[in-house]
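Here the structure is laid out as structure tokens; the discussion comes afterwards.
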Amino acid sequence: MASQDPVNPSHAAFDLFIQAQTCKDVQRYFAELCKQVEVDPKDFRSFYTKLKERLNYWKAKALWTKLDKRASHPDYEQGKVCAKNKCLVLGAGPCGLRTAIELSLLGAQVVVVEKRETFSRNNVLHLWPYTIYDLRGLGAKKFYGRFCTGALDHISIRQLQLILLKVSLLLGVEVHTGVDFQGLIEPSGDKGWTAKLHPGCHPAAAFQFDVFISAGGGRFIPDGFKHKELRGKLAIGITANFINRHTAAEAQVAEISGVARIYNQKFFQDLLTATGIDLENIVYYKDDTHYFVMTAKKKSLLKKGVIKQDYSDAEELLAPANVDHEALCCYAREAAHFSTGGQLPDLQFAQNHAGRPDVAMFDFTCMHRAENASLVKERKGKKLLIGLVGDCLVEPFWPLGTGIARGFLAAFDAAWMVRSWGKGTAPLKVLSERESVYQLLSQTTPENTSKNYAGYSIDPSTRYQHINFSSIKANQVQHLYVVDDSKSNPSSKKQKNGWSHMRQDSVGGFDELIKWCQKHTAGYENVNVKDLTQSWRSGLALCALIHHFRPQLIDMSTLDESNAVHNNQLAFSILERELGISPIMSASDMASSGQIDKLSMVLYLTQIQDAFAAPPL
Ligand code: FAD
Numbered sequence: 000m001a002s003q004d005p006v007n008p009s010h011a012a013f014d015l016f017i018q019a020q021t022c023k024d025v026q027r028y029f030a031e032l033c034k035q036v037e038v039d040p041k042d043f044r045s046f047y048t049k050l051k052e053r054l055n056y057w058k059a060k061a062l063w064t065k066l067d068k069r070a071s072h073p074d075y076e077q078g079k080v081c082a083k084n085k086c087l088v089l090g091a092g093p094c095g096l097r098t099a100i101e102l103s104l105l106g107a108q109v110v111v112v113e114k115r116e117t118f119s120r121n122n123v124l125h126l127w128p129y130t131i132y133d134l135r136g137l138g139a140k141k142f143y144g145r146f147c148t149g150a151l152d153h154i155s156i157r158q159l160q161l162i163l164l165k166v167s168l169l170l171g172v173e174v175h176t177g178v179d180f181q182g183l184i185e186p187s188g189d190k191g192w193t194a195k196l197h198p199g200c201h202p203a204a205a206f207q208f209d210v211f212i213s214a215g216g217g218r219f220i221p222d223g224f225k226h227k228e229l230r231g232k233l234a235i236g237i238t239a240n241f242i243n244r245h246t247a248a249e250a251q252v253a254e255i256s257g258v259a260r261i262y263n264q265k266f267f268q269d270l271l272t273a274t275g276i277d278l279e280n281i282v283y284y285k286d287d288t289h290y291f292v293m294t295a296k297k298k299s300l301l302k303k304g305v306i307k308q309d310y311s312d313a314e315e316l317l318a319p320a321n322v323d324h325e326a327l328c329c330y331a332r333e334a335a336h337f338s339t340g341g342q343l344p345d346l347q348f349a350q351n352h353a354g355r356p357d358v359a360m361f362d363f364t365c366m367h368r369a370e371n372a373s374l375v376k377e378r379k380g381k382k383l384l385i386g387l388v389g390d391c392l393v394e395p396f397w398p399l400g401t402g403i404a405r406g407f408l409a410a411f412d413a414a415w416m417v418r419s420w421g422k423g424t425a426p427l428k429v430l431s432e433r434e435s436v437y438q439l440l441s442q443t444t445p446e447n448t449s450k451n452y453a454g455y456s457i458d459p460s461t462r463y464q465h466i467n468f469s470s471i472k473a474n475q476v477q478h479l480y481v482v483d484d485s486k487s488n489p490s491s492k493k494q495k496n497g498w499s500h501m502r503q504d505s506v507g508g509f510d511e512l513i514k515w516c517q518k519h520t521a522g523y524e525n526v527n528v529k530d531l532t533q534s535w536r537s538g539l540a541l542c543a544l545i546h547h548f549r550p551q552l553i554d555m556s557t558l559d560e561s562n563a564v565h566n567n568q569l570a571f572s573i574l575e576r577e578l579g580i581s582p583i584m585s586a587s588d589m590a591s592s593g594q595i596d597k598l599s600m601v602l603y604l605t606q607i608q609d610a611f612a613a614p615p616l
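What follows is the structure in structure tokens.
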């Protein structure tokens with residue numbers, strides 16, 4: 000039997016491909032495998048079927064069984080539903096690749112461009128139960144035997160990319176590394192939408208597409224999208240990776256799934272007393288490396304000489320020239336040593352992509368979130384659907400471990416949007432559905448999403464509770480359908496405020512909500528909730544609500560009614576970080592009279608009400 004033959008070159012190539020541990024090796028062994036079985040990877044439509052036919056190897060068959068099960072889901076309509084669509088995906092991070100897989104299962108031709116040539120991030124991502132289920136279903140365990148074997152559930156970013164890259168390639172996705180996306184090129188003549196790439200002569204530059212998925216990571220904002228900025232109090236994140244030699248002693252050390260100051264004051268006080276290190280929280284995962292992520296207080300970083308000079312501006316404060324790298328290494332090592340009870344015998348730094356100790360400092364003071372998740376551009380009669388996924392849609396706050404879970408949810412939602420597009424649904428309906436679903440993303444937690452992981456699919460109703468696909472109406476997304484700028488087309492006119500076009504009768508009569516707010520803010524100084532607009536201007540009512548339910552999160556005695564922007568900013572950042580509720584307007588809009596939109600407040604306060612009504616996590 001062929002499967003017993005240890006020297007069958009195609010089996011050997013398959014084994015090497017499965018085990019490959021770098022992006023380059025994955026691509027190399029994939030090319031070798033294709034050569035051995037004589038299947039052209041450019042033949043995306045029948046690539047997977049031919050590969051299956053020609054690779055008669057038991058190890059491969061176990062993987063095909065998994066992938067076939069996924070591909071047989073009715074949502075994909077046997078890969079016919081998007082057979083006419085061509086999709087360009089920007090970024091081979093976890094979310095770009097996860098989206099690419101779904102698009103190829105829908106039958107689309109998918110090309111991914113990635114500017115890096117290596118996958119080098121040791122940092123570790125927390126996985127919600129559904130993501131583990133999802134990745135197992137894609138054969139993660141076959142590519143990476145240690146997948147989720149620890150006490151906690153996590154994976155390094157690079158391992159996750161490797162798994163998803165392998166699955167993508169097997170399903171016929173074209174992945175080009177070392178290719179920098181520099182913008183979209185509008186249709187001309189017979190040519191449709193293409194991408195400006197570097198190097199310009201790259202074959203992918205000729206690819207014409209009708210769907211563009213942007214998964215370029217945090218702070219990457221494609222043309223036409225706007226980001227909201229959520230500025231909270233200064234939050235300095237430190238990540239550190241130490242070599243894991245997988246010894247028995249290391250295996251004994253307990254992981255820390257996340258301990259926050261408010262829940263364990265003693266631990267942080269002891270740490271401060273013993274070392275001078277002052278933290279808000281810390282997480283430790285034992286993965287390919289010993290990975291730590293912590294939020295450190297500025298004062299202790301200054302005192303320990305990690306930050307050289309104090310600046311009020313976070314960017315200046317954390318500029319490389321103002322950070323003593325050696326001192327940072329010592330700080331991270333000491334924190335790691337203390338928090339693991341000195342049990343990790345040899346805290347030697349792993350290396351980062353540049354061959355230096357893998358320790359880094361990040362600014363979480365200002366988080367970004369895209370205002371919209373989708374857009375349609377039409378030029379010369381050619382339509383392009385654009386969707387954002389991953390960090391460029393909503394930046395995650397790493398210590399809370401939400402990043403990859405919400406990233407994958409958005410990848411599925413984007414695939415569902417492309418499915419509607421492939422079915423020929425009207426652009427405004429595609430956009431309004433996508434934006435309706437996007438409203439739910441930032442509130443998701445493992446507790447309020449469906450527990451039926453086996454039932455998860457790209458259909459949002461299998462994952463989100465209480466979904467309403469038309470909470471945003473087509474007339475509210477007209478500004479997201481951008482037809483030739485040069486021509487005046489009523490459908491391209493921007494709406495100033497989408498919410499304000501909802502019918503008044505749908506926003507009236509919120510007595511119950513007001514009563515609930517009054518009940519839980521009663522007795523707080525300078526707080527008098529009478530309505531859903533002006534009563535909230537100073538920010539004190541929001542802060543009081545938070546204080547009522549979680550007194551440890553906010554110190555009301557430090558707040559000043561006249562400092563409305565500060566109060567609102569504080570409340571927004573706490574609600575986002577602690578409850579996952581994104582703000583609906585800027586702190587300064589909230590603080591200025593006449594700027595508070597009633598319907599937005601209804602949505603915001605309803606989310607807060609739901610979150611506080613839910614049992615604590
Ligand atoms: P990313 O993983 O950032 O992927 C985006 C990809 O797009 C990158 O590979 C990038 O090279 C590529 N790209 C960007 N611009 C272009 C372009 N113009 N052309 C072509 N390609 C482009 N999360 C945690 O929870 N814990 C952590 O400790 C942690 N550490 C991180 C460390 C770093 C240095 C970074 C960048 C992110 C980190 N994250 C961490 C975030 C986490 O990696 C993401 O949430 C997760 O990877 C999902 O992100 P994504 O796929 O949306 O984007």
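Okay, so the sequence shown: first residue is 0 according to numbering that gives the first Met the number 0, each after it adds one. Just so you know, even glycine gets a beta-carbon here, dropped at the ideal spot from N, CA and C. Keep in mind it's a predicted model, so treat the numbers as computed, not measured.
Terminal residues of the beta strand (DSSP E) in which K23 lies: The residue labelled residue 23 in the question sits at position 24 within the sequence shown. Looking at the DSSP string, K23 is not in any beta strand (DSSP E); the run it does join, the alpha helix (DSSP H), is 22–36.
Is there at least one Cβ from chain B nearer than 9 Å to H324's Cβ? Absent from the structure is chain B; it holds one protein chain and no more.
Among L574, A204, I154, which has the Cα closest to the Cα of Q442? For the purposes of this step, residue 442 is taken as the residue at position 443 of the sequence shown. Ranking the options by Cα distance to Q442, first place goes to L574.
Leaving aside the five residues before and after D24 along the sequence, list all residues of the same chain whose C-beta is less than 8 Å from its C-beta, in chain order. As a first step, residue 24 is located in the sequence shown; it is residue number 25 there, counting from the start. So the qualifying residues of the chain are L15.
Apply the 10 Å Cβ neighbour rule to I261 and answer buried if 16 or more other Cβ atoms are within range, or exposed otherwise. As a working note, residue 261 is residue 262 in the sequence shown. When all chains shown are included, I261 counts as exposed.
Our contact map puts T294 next to I235 with C-beta atoms below 8 Å; I'd like the distance itself, whole angstroms only. Along the sequence shown, one-based indexing puts residue 294 at 295. Along the sequence shown, one-based indexing puts residue 235 at 236. Contact flag correct, Cβ pair sits at about 7 Å.
Check whether the Cβ of H125 sits closer than 8 Å to any heavy atom of ligand 1, and report yes or no. Translated into positions along the sequence shown, residue 125 becomes position 126. Between ligand 1 and H125, a heavy atom-to-CB distance of less than 8 Å is present.
Measure the C-alpha to C-alpha separation of G216 and C391 and round it to an integer number of angstroms. Taking the first residue of the sequence shown as 1, we reach residue 216 at position 217. Taking the first residue of the sequence shown as 1, we reach residue 391 at position 392. G216 and C391: Cα-Cα distance of roughly 5 Å.
Which same chain residues, not among the five before or five after K79, have their C-beta less than 6 Å away from its C-beta? Residue 79 sits at position 80 when you count from the first residue of the sequence shown. Cβ neighbours of K79 beyond the five flanking positions: G106.
Select from L87, A320, H547, N263 the residue whose C-alpha is nearest the C-alpha of I184. Sequence index remark: in the sequence shown, residue 184 carries index 185 (1-based). Nearest option by C-alpha distance: L87.
Take W63 and list the residues in its own chain whose beta-carbon comes closer than 8 Å to its own, dropping the five residues that flank it on each side. Position 64 of the sequence shown, counting from 1, holds the residue named residue 63. Only K51 meet the Cβ criterion.
Going by the beta-carbon positions, is the gap between L569 and A610 smaller than 9 Å? Position 570 of the sequence shown, counted from the start, is the residue given in the question as residue 569. Position 611 of the sequence shown, counted from the start, is the residue given in the question as residue 610. In this structure, A610 does not lie closer than 9 Å to L569 by Cβ.
What residue does the beta strand (DSSP E) around K240 start on, and which one ends it? Against the sequence shown, residue 240 aligns to sequence position 241. Reading off the sequence shown, one finds Asn at residue 240, where the question assumed Lys. N240 -> beta strand (DSSP E) spans 235–242.
Which class does F16 belong to by DSSP, given the choice of helix, strand or coil? To locate residue 16, count along the sequence shown from 1; it is residue 17. F16 falls in the helix class under three-state DSSP.
Residues that T617 bridges to, as DSSP identifies them: The chain is shown only over 0 to 616; residue 617 falls outside these bounds and no answer can be derived.
Those runs of the alpha helix (DSSP H) which lie wholly inside the stretch 122–185 and span at least 4 residues: 128–136, 139–142, 156–169
Contacts around V322, its chain only, beta-carbon distance under 8 Å, and the 5 residues preceding and following it disregarded: Here the question's residue 322 lines up with position 323 in the sequence shown. These residues qualify, in order along the chain: V305, I306, K307, M360.
For V178 versus A214, is the C-beta distance shorter than 9 Å? One-based indexing of the sequence shown puts residue 178 at position 179. One-based indexing of the sequence shown puts residue 214 at position 215. Not a contact, by the Cβ cut-off of 9 Å.
Any heavy atom of ligand 1 inside 8 Å of the beta-carbon of Q350? Along the sequence shown, one-based indexing puts residue 350 at 351. No - ligand 1 has no heavy atom lying nearer than 8 Å to the Cβ of Q350.
Could you pull out every residue in the same chain whose Cβ sits closer than 8 Å to the Cβ of Y310, ignoring the five residues on either side in sequence? As a position in the sequence shown, residue 310 is number 311, starting the count at 1. Counting only Cβ-Cβ distances below 8 Å, and skipping sequence neighbours, we find L316, N321.
Going along the chain, which residues of its own chain have a beta-carbon closer than 8 Å to the beta-carbon of K303, five neighbours each way excluded? For the purposes of this step, residue 303 is taken as residue 304 along the sequence shown, with counting starting at 1. Here the set comprises G275, I276, A326, C329, Y330.
Cβ of E37 within 9 Å of Cβ of R27? Looking up residue 37 in the sequence shown gives position 38. Looking up residue 27 in the sequence shown gives position 28. Not closer than 9 Å, so no.
Report the residue from Q18, L229, T176, L278 whose alpha carbon sits nearest the alpha carbon of C365. Against the sequence shown, residue 365 aligns to sequence position 366. Of Q18, L229, T176, L278, the residue nearest in Cα terms is L229.
Close Cβ partners of V292 (< 6 Å) along its chain, the five nearest in sequence each way excluded: The residue you call residue 292 lines up with position 293 of the sequence shown. Excluding positions up to five away in sequence, the list reads T238, V282, W397, P398.
Apply the 10 Å Cβ neighbour rule to G191 and answer buried if 16 or more other Cβ atoms are within range, or exposed otherwise. If you number the sequence shown from 1, residue 191 lands on position 192. Its Cβ being crowded by 16 or more others within 10 Å, G191 is buried.
Pick out whichever of A590, H565, D559, L541 has its Cα sitting closest to the Cα of Q606. Sequence index remark: in the sequence shown, residue 606 carries index 607 (1-based). Measuring from the Cα of Q606, the nearest candidate turns out to be L541.
The alpha helix (DSSP H) with D269 in it runs from where to where? Position 270 of the sequence shown holds residue 269. Unbroken alpha helix (DSSP H) run through D269: 264–274.
Excluding the five sequence neighbours on either side, which residues of its own chain have a C-beta within less than 6 Å of the C-beta of F43, listed in chain order? On the sequence shown, position 44 is the one that residue 43 refers to. Excluding sequence neighbours, F43 sits near Q108, G171.
Cβ pair count under 8 Å reaching 3, the stretch 245–257 against the stretch 371–378: no
What's the call for H500, buried or exposed, on a 16-neighbour Cβ count within 10 Å? As a working mapping, residue 500 is identified with position 501 in the sequence shown. Any answer about H500 is weak, because its pLDDT of 29 lies below 50 and its placement is not dependable; what the coordinates show is given next. When all chains shown are included, H500 counts as exposed.
Is D596 helix, strand or coil by DSSP? In the sequence shown, residue 596 corresponds to position 597, counting from 1. The three-state reading of DSSP puts D596 in coil, since its state is none of H, G, I, E or B.
Quick one, which of T424, Y452, A12, L271 has its alpha-carbon nearest G136's? Residue mapping note: residue 136 aligns to position 137 of the sequence shown, counting from 1. Selected option, being the one with the closest Cα: Y452.
Are the Cβ atoms of A259 and F337 separated by less than 9 Å? By one-based count along the sequence shown, residue 259 stands at place 260. By one-based count along the sequence shown, residue 337 stands at place 338. No, these two residues do not count as a Cβ contact at 9 Å.
In the DSSP assignment, the alpha helix (DSSP H) including E394 goes from what residue to what residue? Translated into positions along the sequence shown, residue 394 becomes position 395. In the DSSP assignment, E394 falls outside any alpha helix (DSSP H), carrying neither H nor E.
Indicate, with yes or no, if ligand 1 has a heavy atom lying under 8 Å from the CB of P8. Position 9 of the sequence shown, counted from the first residue, corresponds to residue 8. Checking every heavy atom of ligand 1 against the Cβ of P8, none is found closer than 8 Å.
May I have a chain-ordered list of the beta strand (DSSP E) segments no shorter than 3 residues that lie completely inside the stretch 297–383? 358–362, 365–369, 373–378
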